[in-house]
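Each residue of the sequence shown is one higher than the one before, counting from 580 in this note's numbering.
We put the beta carbon where it would ideally sit given N, CA and C, even for glycine.
Keep in mind the model is a prediction, meaning the values are calculated, not measured.
First the structure, in the form of structure tokens, and then the observations on it.
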Amino acid sequence: MTKLSRRTILRGMVNGAKVGVALPLLDIFLDVNGQALAATGQRLPVRFGTWIWGCGFVPQRWIPATEGADYVMPPDLAPLEPYRKQMAIFTGFDVKLDGVANKPHLTGNLGLRTGIPVPTENVKAPTLDVLISDVIGQGSRFRSIELSASGIERSYSYRGSSSPNPSEVSPVALYQRIFGEGFQDPNAASFTPDPRAMVRQSVLSAVKEDRERLMKRLGSSDRHRMEEYFASVRQLEQQLALQLEPPAKVEHFTMPAPPPKSVVDADIENVMANHKLMAGLLAQALACNQTRVFNMLFSDTASNLRRSASSDTHHTLTHEEPVNPKLGYQEQSAWFAARSMEACRDFVDALAAIKEGDGTLLDNTLLFAHSDCSEAKSHAVEGIPMLVIGGAGGRVRTGYHKAGRADAASRIGLSLQQAMGVQVENWGTASMNTSRTVTELVA
């Protein structure tokens, strides 16, 4: 196979001007070792998002004692009591390992999101948010928006191996990205398209011939990688095309004020405050069709949250704090787990606060909240806590607790995808492969 320079670009012409498209990192570049819408009368859009908190839960404080709709709300979920009828609780579902070593804080999290055990960050399949975005994300300015509240620039949204979608960690930066340069107020009296979007819109079409010549020179793995890459570029062009048309009017939308500057670090009080600001901005972005898919990382899977004036992080405590003999669990670690659920309530509050049609933004959103493990002290990937919150435009049923009894957690992921319109009959690999949806969930 002929080698190419890493500087290779695809060339073409747009309106008489030369344009070029850079390429992703391909095997062919490497050495043999591989080292070198209410105003239009259309149905209101549905949104999908994930909300992650790190280091699991305290089972006796989180798992309801009974199943069904009449469960008693456990202490740590009490902040979400106002959303009981809009929430489904899933416990006892496992990420199956099939002999693959459990890599703490990664295997469970990425197993939930890909349907396969993933012992490293080299994800072997797109995460479910990407699969869903390919279906419902068309027609929005951003394919998805990733956010991280605890100062770590990380997300667990992957389209391809080792390439997570980047996250915003600052409310100010998030505001500038969404409502700064390039934003078009949907209720403005006049509309002026961005001339830069006009120039960039047809770049991929312009390099069509060069692209076809390149594809003939690539091996199968590089061809697959290029197909994924061009799908992303095509999606970007579709988003640019939207900027050439006036946005649909949005009822109840008002331009949010810029957030105040804040401290971005892992101090729990700063994290809670930044998270609340970011939730409000994201809700406004969803309302005016800037995106329909999002991923919120409240705390990293190896939770770096800490109290003011303390060097002990939540993650450190799950390893080193002794179990309180009277309580039967780690008291300080449990405090962080409880605060995580308070933060989840804050996030849901932001969605519920925006009126949309006859209901709220939450009624048209499906929020999948989960952690990376069950009890963090043991790093177990059996019984990872999961919540589904919101109405998804009537596509899901909520208001109950369901115990999985060691069923594969991929049943939840399959159900979410089908509810969002992904044409998939089975999902996952090996023991995580399933064609069984959770019938209680999918309407």
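- Taken through DSSP and simplified to helix, strand or coil, R733 comes out as coil.
- Per the C-alpha coordinates, the member of I991, Y979 and V625 positioned closest to L659 is Y979.
- With a cutoff of 8 Å on beta-carbon distance, A988 and L691 are scored as near each other.
- Residue pairing by DSSP places Y908 opposite N903 in a beta bridge.
- Counting along the chain, E725 sits inside the beta strand (DSSP E) bounded by residues I724 to S727.
- P904 is classed as exposed because its beta carbon has fewer than 16 other beta carbons within 10 Å across all chains shown.
- By the Cβ-count criterion, P653 is buried, with 16 or more other Cβ atoms from all chains shown falling within 10 Å of its own Cβ.
- By the neighbour-count definition (other C-beta atoms within 10 Å, threshold 16), E1004 is an exposed residue.
- Per DSSP, reduced to three states, the secondary structure at P838 is coil, with no helix or strand assignment.
- Looking at the DSSP output, M965 bridges to F669 and H949.
- When secondary structure is reduced to three states using DSSP, A929 falls in the helix class.
- Linking E910 to L656 through their CA atoms gives a straight-line distance of about 17 Å.
- With distances taken between CA atoms, D928 lies nearest to A858 out of A858, G1007, E788 and L726.
- For F832, there is no enclosing alpha helix (DSSP H), as DSSP gives it neither H nor E.
- Counted as a single uninterrupted DSSP element, the stretch harbouring V872 is not any alpha helix (DSSP H) but the beta strand (DSSP E) occupying residues V872 to L876.
- DSSP places T939 within a strand segment (E or B) once states are collapsed to three.
- Scanning its chain for C-beta atoms nearer than 7 Å, with the 5 sequence neighbours on each side dropped, one finds around Q997 the residues V1003, T1016 and V1021, in chain order.
- Taking the CA atoms as reference points, N943 sits about 4 Å from G972.
- E935 has its alpha-carbon roughly 17 Å from the corresponding atom of R974.
- Cβ-Cβ distances below 8 Å link D673 to V960, E961, G962, I963, G983, A985, D986, A987 and A988 in the same chain, with the five nearest sequence neighbours on each side left out; the list follows chain order.
- V1021 is bridged by DSSP to V975.
- Membership of T629 in the beta strand (DSSP E) is indicated by the continuous run R626 to I631.
- Sixteen is the threshold: when 16 or more other Cβ atoms of the shown chains lie within 10 Å of the Cβ of L860, as they do, the residue is buried.
- D891 counts as exposed, since fewer than 16 other C-beta atoms from the protein chains shown sit within 10 angstroms of its C-beta.
- Contact between R626 and R871 holds, since their C-beta atoms are separated by about 5 Å, short of 8 Å.
- In the DSSP assignment, F758 falls within the alpha helix (DSSP H) that extends over P750 to F758.
- Burial is judged here by how many other beta carbons sit within 10 angstroms of a residue's own beta carbon; A888 has fewer than 16 and is exposed.
- Counted as a single uninterrupted DSSP element, the alpha helix (DSSP H) harbouring W641 occupies residues P638 to W641.
- The count of Cβ pairs closer than 8 Å, one atom from the stretch 716 to 731 and one from the stretch 697 to 704, stays below three, leaving the stretches out of contact.
- With respect to F915, M875 sits apart: the two C-beta atoms are not nearer than 8 Å.
- Beta-bridge annotation (DSSP): W914 is not paired with any residue.
- In this structure, G628 and F873 form a Cβ contact; the two beta carbons are roughly 4 Å apart against a cut-off of 8 Å.
- DSSP places K981 in the strand class (E or B) of the three-state scheme.
- Just measuring C-alpha positions, the residue of D708, R640, T699 and H898 sitting nearest I991 is D708.
- Less than 8 Å divides the Cβ of G730 from the Cβ of V748.
- In the three-state scheme derived from DSSP, where H, G and I count as helix and E and B as strand, F721 is classed as strand.
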